[in-house]
Amino acid sequence: MNRRTLLATGLFASAGRGARAQQARTDGAWVPTRPLRIVVPFAAGGSTDILARLCAQLLTERLGQSVVAENVTGAGGTIGAQRVLDAPADGYTLLAGTPGPITINPHLQPRIPYAPLRDFEPVAFVGDSPAVVVVRRDSPIRSVRELVERAKATPGRMSYASAGVGSFAHLSGELFKWRADVDLVHVPYRGTAPAATDLIAGRVDVMFENYPSVQGYLAAGELRALAIGAVRRSALLPGVPTVAEEGVSGYESTSWFGLLARAGTPEAAIARVNAAIDAGIREPAVAARLASLGIEPAGGTPAAFRAYLARRLEETGKLIRTARITLD
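Under the numbering used here, the first residue of the sequence shown is numbered 7, with each subsequent residue one higher.
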(Lines of atoms letter the chains of each structure in order from A and count residues from 1; the text may use other names and numbers.)
(Lines give C-alpha, C1' and ligand atoms only; values in the text may rest on other atoms or scores of the structure.)
Protein backbone atom coordinates (compact mmCIF):
# COMPACT_ATOMS: atom_id res chain seq x y z
CA MET A 1 0.00 0.00 0.00
CA ASN A 2 1.59 3.32 -1.08
CA ARG A 3 1.59 6.62 0.81
CA ARG A 4 -1.28 8.07 -1.25
CA THR A 5 -3.45 5.04 -0.52
CA LEU A 6 -2.61 5.21 3.17
CA LEU A 7 -3.55 8.87 3.30
CA ALA A 8 -6.82 8.21 1.50
CA THR A 9 -7.62 5.33 3.84
CA GLY A 10 -6.95 7.57 6.84
CA LEU A 11 -9.15 10.30 5.44
CA PHE A 12 -12.01 7.92 4.79
CA ALA A 13 -11.67 6.43 8.28
CA SER A 14 -11.64 9.91 9.81
CA ALA A 15 -14.69 10.88 7.77
CA GLY A 16 -16.46 7.72 8.87
CA ARG A 17 -15.77 8.46 12.52
CA GLY A 18 -16.97 12.02 12.06
CA ALA A 19 -20.19 10.84 10.42
CA ARG A 20 -20.84 8.37 13.21
CA ALA A 21 -20.21 11.03 15.84
CA GLN A 22 -22.53 13.48 14.07
CA GLN A 23 -25.25 10.80 13.85
CA ALA A 24 -24.82 10.03 17.55
CA ARG A 25 -25.22 13.70 18.45
CA THR A 26 -28.33 13.87 16.29
CA ASP A 27 -29.74 10.86 18.11
CA GLY A 28 -28.98 12.39 21.50
CA ALA A 29 -26.55 9.56 22.36
CA TRP A 30 -23.40 9.90 24.45
CA VAL A 31 -20.36 10.72 22.30
CA PRO A 32 -16.92 10.20 23.91
CA THR A 33 -14.44 12.99 23.21
CA ARG A 34 -11.26 11.25 24.39
CA PRO A 35 -9.89 7.69 24.65
CA LEU A 36 -11.46 5.14 27.02
CA ARG A 37 -9.79 2.43 29.06
CA ILE A 38 -10.83 -1.00 30.25
CA VAL A 39 -9.13 -1.99 33.50
CA VAL A 40 -8.22 -5.68 33.48
CA PRO A 41 -7.79 -6.87 37.09
CA PHE A 42 -5.58 -9.80 36.07
CA ALA A 43 -2.28 -10.32 34.26
CA ALA A 44 -1.81 -9.88 30.53
CA GLY A 45 -2.27 -12.95 28.36
CA GLY A 46 -5.02 -14.65 30.35
CA SER A 47 -8.57 -15.19 29.18
CA THR A 48 -9.87 -12.06 30.93
CA ASP A 49 -7.17 -9.97 29.26
CA ILE A 50 -7.92 -11.45 25.82
CA LEU A 51 -11.64 -10.80 26.18
CA ALA A 52 -11.05 -7.25 27.42
CA ARG A 53 -8.88 -6.49 24.39
CA LEU A 54 -11.55 -7.92 22.09
CA CYS A 55 -14.08 -5.58 23.71
CA ALA A 56 -11.64 -2.68 23.36
CA GLN A 57 -11.42 -3.39 19.65
CA LEU A 58 -15.21 -3.56 19.26
CA LEU A 59 -15.67 -0.29 21.14
CA THR A 60 -12.91 1.46 19.21
CA GLU A 61 -14.64 0.57 15.96
CA ARG A 62 -18.05 1.79 17.16
CA LEU A 63 -17.39 4.78 19.42
CA GLY A 64 -15.00 6.74 17.24
CA GLN A 65 -12.41 6.84 20.03
CA SER A 66 -9.54 4.54 20.88
CA VAL A 67 -10.14 2.14 23.77
CA VAL A 68 -7.17 0.58 25.55
CA ALA A 69 -6.84 -2.25 28.05
CA GLU A 70 -4.83 -1.62 31.22
CA ASN A 71 -3.72 -4.49 33.47
CA VAL A 72 -3.94 -3.73 37.20
CA THR A 73 -3.30 -6.93 39.13
CA GLY A 74 -3.40 -8.11 42.72
CA ALA A 75 -5.64 -9.37 45.54
CA GLY A 76 -7.71 -11.65 43.32
CA GLY A 77 -8.81 -8.81 41.09
CA THR A 78 -9.94 -6.42 43.81
CA ILE A 79 -7.11 -3.92 43.25
CA GLY A 80 -8.13 -3.48 39.62
CA ALA A 81 -11.76 -3.15 40.66
CA GLN A 82 -10.82 -0.43 43.14
CA ARG A 83 -8.87 1.39 40.42
CA VAL A 84 -12.14 1.81 38.49
CA LEU A 85 -13.85 3.17 41.61
CA ASP A 86 -11.03 5.69 42.05
CA ALA A 87 -11.69 7.07 38.55
CA PRO A 88 -14.42 9.61 37.73
CA ALA A 89 -17.88 8.19 37.01
CA ASP A 90 -17.90 9.60 33.50
CA GLY A 91 -17.99 6.53 31.26
CA TYR A 92 -14.32 6.66 30.27
CA THR A 93 -13.14 3.91 32.66
CA LEU A 94 -14.62 0.40 32.56
CA LEU A 95 -13.89 -2.78 34.49
CA ALA A 96 -13.37 -6.15 32.85
CA GLY A 97 -15.60 -8.01 35.30
CA THR A 98 -15.43 -11.70 36.20
CA PRO A 99 -16.75 -13.77 39.13
CA GLY A 100 -13.62 -13.33 41.26
CA PRO A 101 -13.76 -9.63 42.15
CA ILE A 102 -17.54 -9.26 41.77
CA THR A 103 -19.40 -12.35 43.01
CA ILE A 104 -16.80 -14.43 44.89
CA ASN A 105 -14.29 -12.21 46.71
CA PRO A 106 -16.90 -10.03 48.42
CA HIS A 107 -17.94 -13.13 50.38
CA LEU A 108 -14.39 -14.30 51.11
CA GLN A 109 -12.61 -11.03 51.88
CA PRO A 110 -14.43 -9.30 54.76
CA ARG A 111 -12.39 -6.11 54.37
CA ILE A 112 -13.01 -5.70 50.66
CA PRO A 113 -13.42 -1.93 50.05
CA TYR A 114 -16.54 -2.08 47.88
CA ALA A 115 -20.00 -3.59 47.53
CA PRO A 116 -20.37 -4.91 43.98
CA LEU A 117 -23.90 -3.83 43.10
CA ARG A 118 -23.80 -0.64 45.15
CA ASP A 119 -20.51 0.70 43.83
CA PHE A 120 -20.57 -0.70 40.29
CA GLU A 121 -23.06 -0.37 37.47
CA PRO A 122 -23.36 -3.37 35.13
CA VAL A 123 -22.86 -2.21 31.54
CA ALA A 124 -22.59 -5.12 29.11
CA PHE A 125 -22.87 -8.90 29.52
CA VAL A 126 -20.35 -10.20 26.99
CA GLY A 127 -20.61 -13.95 27.51
CA ASP A 128 -20.22 -16.95 29.77
CA SER A 129 -18.81 -20.45 29.77
CA PRO A 130 -19.82 -23.57 31.68
CA ALA A 131 -18.01 -25.51 34.33
CA VAL A 132 -16.98 -28.89 32.93
CA VAL A 133 -16.74 -32.09 34.95
CA VAL A 134 -13.53 -33.67 33.67
CA VAL A 135 -11.63 -36.88 34.37
CA ARG A 136 -8.44 -38.30 32.90
CA ARG A 137 -8.87 -39.98 29.52
CA ASP A 138 -8.46 -43.53 30.88
CA SER A 139 -10.60 -43.01 33.99
CA PRO A 140 -13.03 -45.85 34.68
CA ILE A 141 -15.69 -43.22 35.44
CA ARG A 142 -17.79 -42.80 32.29
CA SER A 143 -20.55 -40.49 33.49
CA VAL A 144 -21.62 -38.18 36.30
CA ARG A 145 -24.06 -40.87 37.43
CA GLU A 146 -21.13 -43.27 37.87
CA LEU A 147 -19.15 -40.56 39.66
CA VAL A 148 -21.99 -40.07 42.15
CA GLU A 149 -22.42 -43.82 42.66
CA ARG A 150 -18.69 -44.35 43.32
CA ALA A 151 -18.48 -41.35 45.64
CA LYS A 152 -21.44 -42.57 47.70
CA ALA A 153 -19.99 -46.07 47.87
CA THR A 154 -16.64 -44.76 49.14
CA PRO A 155 -17.31 -41.54 51.08
CA GLY A 156 -14.22 -39.42 51.67
CA ARG A 157 -12.05 -41.59 49.42
CA MET A 158 -12.41 -39.79 46.10
CA SER A 159 -10.84 -36.38 45.49
CA TYR A 160 -11.29 -33.38 43.25
CA ALA A 161 -8.67 -30.83 42.20
CA SER A 162 -9.01 -27.07 41.99
CA ALA A 163 -6.92 -24.04 41.07
CA GLY A 164 -6.92 -22.97 44.72
CA VAL A 165 -9.15 -22.18 47.69
CA GLY A 166 -11.95 -19.84 46.65
CA SER A 167 -11.34 -20.41 42.93
CA PHE A 168 -14.12 -21.05 40.43
CA ALA A 169 -13.14 -24.74 40.32
CA HIS A 170 -13.28 -24.98 44.12
CA LEU A 171 -16.76 -23.47 44.29
CA SER A 172 -17.95 -25.63 41.40
CA GLY A 173 -16.72 -28.73 43.23
CA GLU A 174 -18.34 -27.74 46.50
CA LEU A 175 -21.61 -27.04 44.70
CA PHE A 176 -21.45 -30.53 43.23
CA LYS A 177 -20.86 -32.06 46.65
CA TRP A 178 -23.84 -30.17 48.03
CA ARG A 179 -26.25 -30.90 45.19
CA ALA A 180 -25.21 -34.54 44.73
CA ASP A 181 -24.89 -35.17 48.49
CA VAL A 182 -21.47 -36.79 48.16
CA ASP A 183 -18.24 -36.56 50.15
CA LEU A 184 -15.29 -35.63 47.94
CA VAL A 185 -11.91 -34.47 49.29
CA HIS A 186 -10.82 -31.06 47.99
CA VAL A 187 -7.19 -30.87 46.82
CA PRO A 188 -6.24 -27.23 46.07
CA TYR A 189 -3.34 -26.35 43.75
CA ARG A 190 -1.65 -23.12 42.76
CA GLY A 191 -3.42 -22.77 39.43
CA THR A 192 -5.21 -24.92 36.88
CA ALA A 193 -2.08 -26.27 35.17
CA PRO A 194 -0.69 -28.21 38.19
CA ALA A 195 -4.22 -29.38 39.07
CA ALA A 196 -4.72 -30.72 35.55
CA THR A 197 -1.28 -32.34 35.60
CA ASP A 198 -2.15 -34.36 38.69
CA LEU A 199 -5.58 -35.21 37.33
CA ILE A 200 -4.02 -36.56 34.13
CA ALA A 201 -1.51 -38.53 36.23
CA GLY A 202 -4.32 -40.08 38.27
CA ARG A 203 -3.37 -38.49 41.60
CA VAL A 204 -6.85 -36.98 41.90
CA ASP A 205 -10.12 -38.27 40.48
CA VAL A 206 -12.04 -35.37 39.00
CA MET A 207 -12.07 -31.63 38.44
CA PHE A 208 -14.91 -29.11 38.00
CA GLU A 209 -13.24 -26.37 35.97
CA ASN A 210 -14.23 -23.52 33.69
CA TYR A 211 -14.32 -24.68 30.05
CA PRO A 212 -11.67 -22.27 28.67
CA SER A 213 -9.24 -23.52 31.31
CA VAL A 214 -9.54 -27.16 30.18
CA GLN A 215 -10.33 -26.59 26.51
CA GLY A 216 -6.79 -27.44 25.42
CA TYR A 217 -6.62 -30.62 27.51
CA LEU A 218 -9.92 -31.81 26.05
CA ALA A 219 -8.81 -31.05 22.50
CA ALA A 220 -5.57 -32.96 23.09
CA GLY A 221 -7.44 -35.96 24.46
CA GLU A 222 -5.72 -35.76 27.84
CA LEU A 223 -8.97 -35.15 29.70
CA ARG A 224 -12.52 -36.32 29.05
CA ALA A 225 -15.69 -34.30 29.68
CA LEU A 226 -18.50 -36.01 31.60
CA ALA A 227 -20.94 -33.11 31.78
CA ILE A 228 -21.24 -29.33 31.84
CA GLY A 229 -22.60 -27.04 34.54
CA ALA A 230 -24.89 -24.96 32.32
CA VAL A 231 -28.68 -25.21 32.58
CA ARG A 232 -28.86 -26.39 28.96
CA ARG A 233 -26.50 -28.11 26.56
CA SER A 234 -23.85 -25.95 24.92
CA ALA A 235 -22.73 -25.61 21.32
CA LEU A 236 -19.22 -25.41 22.74
CA LEU A 237 -19.39 -29.10 23.70
CA PRO A 238 -22.06 -30.68 21.52
CA GLY A 239 -23.18 -34.07 22.77
CA VAL A 240 -22.02 -33.49 26.36
CA PRO A 241 -24.98 -33.60 28.80
CA THR A 242 -25.61 -31.16 31.63
CA VAL A 243 -24.96 -32.18 35.22
CA ALA A 244 -28.68 -31.80 35.90
CA GLU A 245 -29.47 -34.24 33.07
CA GLU A 246 -27.22 -36.72 34.83
CA GLY A 247 -29.40 -36.64 37.92
CA VAL A 248 -27.85 -33.83 40.00
CA SER A 249 -30.76 -31.41 40.12
CA GLY A 250 -30.19 -27.72 40.79
CA TYR A 251 -26.56 -27.77 39.67
CA GLU A 252 -25.58 -24.64 37.75
CA SER A 253 -22.03 -23.37 37.53
CA THR A 254 -20.92 -21.01 34.79
CA SER A 255 -18.26 -18.33 34.63
CA TRP A 256 -19.18 -14.96 33.14
CA PHE A 257 -17.43 -11.98 31.61
CA GLY A 258 -18.78 -8.46 31.24
CA LEU A 259 -18.05 -4.76 31.49
CA LEU A 260 -18.93 -2.65 34.52
CA ALA A 261 -18.56 1.02 35.38
CA ARG A 262 -18.46 3.02 38.56
CA ALA A 263 -21.90 3.73 40.03
CA GLY A 264 -23.12 7.15 38.99
CA THR A 265 -21.89 6.82 35.42
CA PRO A 266 -24.33 8.62 33.08
CA GLU A 267 -27.04 6.34 31.73
CA ALA A 268 -26.36 7.60 28.21
CA ALA A 269 -22.75 6.41 28.41
CA ILE A 270 -23.81 3.01 29.73
CA ALA A 271 -26.44 2.68 27.00
CA ARG A 272 -23.95 3.56 24.26
CA VAL A 273 -21.32 1.08 25.41
CA ASN A 274 -23.96 -1.60 25.92
CA ALA A 275 -25.34 -1.12 22.41
CA ALA A 276 -21.86 -1.25 20.87
CA ILE A 277 -20.90 -4.47 22.66
CA ASP A 278 -24.31 -6.08 22.10
CA ALA A 279 -24.10 -5.48 18.36
CA GLY A 280 -20.45 -6.50 18.16
CA ILE A 281 -20.73 -9.90 19.82
CA ARG A 282 -23.54 -10.87 17.44
CA GLU A 283 -21.34 -10.51 14.38
CA PRO A 284 -20.47 -14.00 13.05
CA ALA A 285 -16.71 -13.38 13.09
CA VAL A 286 -16.77 -12.14 16.68
CA ALA A 287 -19.05 -14.97 17.82
CA ALA A 288 -16.63 -17.43 16.23
CA ARG A 289 -13.71 -15.77 18.03
CA LEU A 290 -15.56 -16.01 21.35
CA ALA A 291 -16.33 -19.69 20.70
CA SER A 292 -12.63 -20.33 20.05
CA LEU A 293 -12.00 -18.88 23.52
CA GLY A 294 -14.67 -21.12 25.06
CA ILE A 295 -17.23 -18.32 25.49
CA GLU A 296 -20.87 -18.21 24.39
CA PRO A 297 -22.13 -14.67 23.59
CA ALA A 298 -24.68 -13.32 26.04
CA GLY A 299 -25.77 -9.72 25.43
CA GLY A 300 -28.90 -8.05 26.75
CA THR A 301 -29.70 -4.86 28.62
CA PRO A 302 -27.75 -3.44 31.57
CA ALA A 303 -30.82 -4.11 33.75
CA ALA A 304 -30.86 -7.78 32.76
CA PHE A 305 -27.11 -8.02 33.46
CA ARG A 306 -27.67 -6.47 36.91
CA ALA A 307 -30.40 -9.02 37.69
CA TYR A 308 -28.09 -11.85 36.61
CA LEU A 309 -25.23 -10.61 38.80
CA ALA A 310 -27.56 -10.13 41.78
CA ARG A 311 -28.67 -13.74 41.49
CA ARG A 312 -25.13 -15.06 41.14
CA LEU A 313 -23.90 -12.93 44.04
CA GLU A 314 -26.62 -14.32 46.31
CA GLU A 315 -26.13 -17.93 45.19
CA THR A 316 -22.36 -17.74 45.61
CA GLY A 317 -22.69 -16.30 49.10
CA LYS A 318 -25.06 -19.07 50.12
CA LEU A 319 -22.69 -21.72 48.77
CA ILE A 320 -19.66 -20.23 50.54
CA ARG A 321 -21.54 -20.09 53.84
CA THR A 322 -22.97 -23.61 53.45
CA ALA A 323 -19.58 -25.11 52.55
CA ARG A 324 -17.83 -22.97 55.19
CA ILE A 325 -15.19 -21.84 52.74
CA THR A 326 -12.63 -19.38 54.10
CA LEU A 327 -9.25 -18.12 52.95
CA ASP A 328 -7.70 -18.75 56.39
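Glycine included, every Cβ here is placed at the ideal spot set by N, Cα and C.
Can you tell me which of the options puts its alpha carbon nearest to the alpha carbon of residue i?
i: residue 148; options: 279, 216, 229, 187; result: 229
i: residue 191; options: 53, 203, 182; result: 182
i: residue 60; options: 200, 323, 287; result: 287
i: residue 129; options: 294, 283, 330; result: 283
i: residue 256; options: 221, 225, 178, 293; result: 178
i: residue 267; options: 44, 37, 39, 38; result: 44
i: residue 88; options: 325, 329, 330, 269; result: 269
Measuring only the C-alpha atoms, how far is residue i from residue j?
i: residue 46; j: residue 188; result: 37 Å
i: residue 90; j: residue 107; result: 12 Å
i: residue 327; j: residue 99; result: 33 Å
i: residue 104; j: residue 261; result: 7 Å
i: residue 316; j: residue 333; result: 23 Å
i: residue 263; j: residue 110; result: 14 Å
i: residue 94; j: residue 42; result: 12 Å
i: residue 217; j: residue 56; result: 15 Å
i: residue 115; j: residue 318; result: 17 Å
i: residue 314; j: residue 321; result: 11 Å
i: residue 323; j: residue 290; result: 36 Å
i: residue 308; j: residue 237; result: 22 Å
Since residue i is in the alpha helix (DSSP H), which residue starts that stretch and which ends it?
i: residue 234; result: No alpha helix (DSSP H) contains residue 234, which is instead part of the beta strand (DSSP E) from 229–234.
i: residue 112; result: 111–114
i: residue 89; result: 84–92
i: residue 124; result: 122–125
i: residue 298; result: 290–298
i: residue 178; result: 174–186
i: residue 59; result: 53–69
Between residue i and residue j, which are expected to be in contact by the criterion C-beta below 8 Å, what is the C-beta distance as a whole number of angstroms?
i: residue 169; j: residue 197; result: 5 Å
i: residue 296; j: residue 102; result: About 14 Å; that fails the 8 Å criterion.
i: residue 246; j: residue 234; result: 6 Å
Inset, instruction - Decide yes or no for the touch test of the region 238–251 against the region 297–314: beta carbon pairs closer than 8 Å, at least 3 of them. - result: yes
Legend entry - Sufficient close CB pairs (3 or more, under 8 Å) joining the region 199–218 to the region 111–128: no
Inset, instruction - Evaluate the contact criterion for the region 128–137 versus the region 78–86: three or more CB pairs, one atom per stretch, below 8 Å. - result: no
Inset, instruction - Mind the definition here: the region 153–169 touches the region 277–292 only if three or more C-beta pairs lie below 8 Å; say whether that holds. - result: no
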